[in-house]
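Below: the structure, in structure tokens.
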Amino acid sequence: MNTQHQLNNTGGLLLNINENARKVIFAVCIVLCLMPFMSPAVALLLGLVVAQCSGHPYLHLNHKATHILLQISVVGLGFGMNVHSALQAGKEGILFTIASITGTLLFGTLMGRWLNIEKKTSFLISSGTAICGGSAIAAISPVIKAEEKQISVALGCVFILNSIALFVFPVIGHYLNLSQTQFGLWCAIAIHDTSSVVGAASKYGAHALEVATTVKLARALWIIPVAFLSTFLFKNKSKKVSIPYFIGLFILAMIANTYLPVVRFMSPYIIITAKAGLTLTLFLIGAGLSRKVLASVGLKPLLQGVVLWIAISGAALYAVVHLA
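When we follow my numbering, the leftmost residue of the sequence shown carries the number -14, and every step to the right adds one.
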């Protein structure tokens, strides 16, 4: 099944090369992504180029690899953060988080009905936009018994918009002269996936990264109540909810960095490794966006995703500028 799925995704590539050549190109790109000069945005762009030109030779492993690598990288970034400033950032973001998640889920439900989008697909797109992108979709899809096609459409929609956000948000932030706190809050609320949130914030500044990561991970905990709510909305009480345990490790890393001098000595090296892992994660996400994945999304689900994203981005930007 996995092999067939992999073969089906090699069609329509711009380069007609054999499997070994594809693997060599892919390996070279991975090495480049681990170099200090490679930025998250360029890594994502490189992944998108690979997806269209030579293809991802290990596509069937991509989702699991990005999931694990992102979690490890986020925990590593915790070693560069301070508990006290993180708590302050969390307090600033809690009201925005509650309001934006509730508003996005309600607006997404109404849009899905108006556009006549299949109910589970619409709910997955809304949940991914409201909470934390692919992680929320992965956690909620088994709870509502979503089919593979519905999950693929939602993930494709979220990852396309994530890719755009990684490039667009820093430009807008600098144009509007947002402070690092404002930009970090905006990223955490308005960008779907943790990988793109961290990628965009890291380009803006160290404090923006701290604020964005802390608020985004606090936001990710909302997977749990939303997943429980989903069991009632879709009348399914047999599935367990997947809890993001890595957030606990992130908190432990922050505590260790704040109170243990030995850990603070090692932290710069851990952070360098974590940022390299994040850059590689974004390359793998880009490499997974093949032409087939992009085409499978469909116009109406993509329209729902775009409108939801613009709405939450605009509202969050107004809030952090005028209310924060």
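Idealized CB from N, CA, C, for every residue including glycine.
The structure displayed is predicted, hence computed values, not measured ones.
How about residue i and residue j: do their beta carbons lie closer than 7 angstroms?
i: Val200; j: Thr166; result: no
i: Trp171; j: Ala301; result: yes
i: Tyr189; j: Phe168; result: yes
i: Phe64; j: Ala296; result: no
i: His177; j: Gly113; result: yes
i: Phe235; j: Leu194; result: no
i: Gly61; j: Ile255; result: yes
i: Leu151; j: Leu(-2); result: no
i: Ile174; j: Phe81; result: yes
i: Cys142; j: Pro286; result: yes
For the alpha helix (DSSP H) holding residue i, just list the boundary residues, first then last.
i: His52; result: Asn47 to Leu62
i: Cys18; result: Glu4 to Cys18
i: Val182; result: Thr179 to Tyr189
i: Phe217; result: Ile208 to Leu218
i: Tyr303; result: Leu284 to His307
i: Pro253; result: Pro246 to Ala272
i: Val143; result: Glu133 to Tyr160
i: Lys105; result: Lys104 to Ala115
i: Lys277; result: Arg276 to Ser281
i: Ser120; result: Gly119 to Ile125
i: Val27; result: Pro25 to Cys38
i: Leu170; result: Gln165 to Ala175
Assign residue i to buried or exposed, taking buried as 16 or more other Cβ atoms, counted over all protein chains shown, within 10 Å of its Cβ.
i: Trp294; result: buried
i: His(-10); result: Unreliable placement is indicated for His(-10), whose pLDDT of 42 sits below 50; the coordinate value is still reported in the next sentence. Burial call: exposed.
i: Ala212; result: buried
i: Ala310; result: No statement about residue 310 is possible, as the shown extent of the chain runs from -14 to 309 and does not include it.
i: Met(-14); result: Annotation note: pLDDT 36 at Met(-14) (below 50); position unreliable, no value reported.
i: Asn147; result: buried
i: Ala191; result: exposed
i: Leu140; result: buried
i: Met66; result: buried
i: Phe268; result: buried
i: Thr(-12); result: Note that Thr(-12) scores 37 on pLDDT, short of 50, meaning its location in the model is unreliable; the coordinates nonetheless yield the value given after this. Its Cβ having fewer than 16 others within 10 Å, Thr(-12) is exposed.
i: Asn101; result: exposed
i: Thr266; result: buried
i: Val128; result: buried
i: Leu33; result: buried
i: Ser180; result: buried
i: Met251; result: exposed
i: Asn(-6); result: Note that Asn(-6) has pLDDT 44, beneath the 50 cutoff, so the model's placement of it is unreliable and the number below is only indicative. Label assigned to Asn(-6): buried.
Answer yes or no: does any C-beta atom of chain D fall closer than 7 angstroms to that of residue i?
i: Val183; result: Of the protein chains in the structure, only one exists, and it is not chain D.
- Message: Taking contact to mean 3 or more Cβ pairs, one atom from each stretch, closer than 8 angstroms, check whether the region 103 to 113 and the region 129 to 140 are in contact.
- Response: yes
- Query: Is the region 173 to 190 touching the region 143 to 158 in the sense that three or more CB pairs, one from each, lie closer than 8 angstroms?
  - Reply: yes
- Message: For the region 271 to 278 against the region 93 to 101, do three or more pairs of beta-carbon atoms, one drawn from each stretch, fall closer than 8 angstroms, so that the two count as touching?
- Response: no
- Stretch pair the region 37 to 44 + the region -3 to 11: three plus CB contacts closer than 8 angstroms: yes
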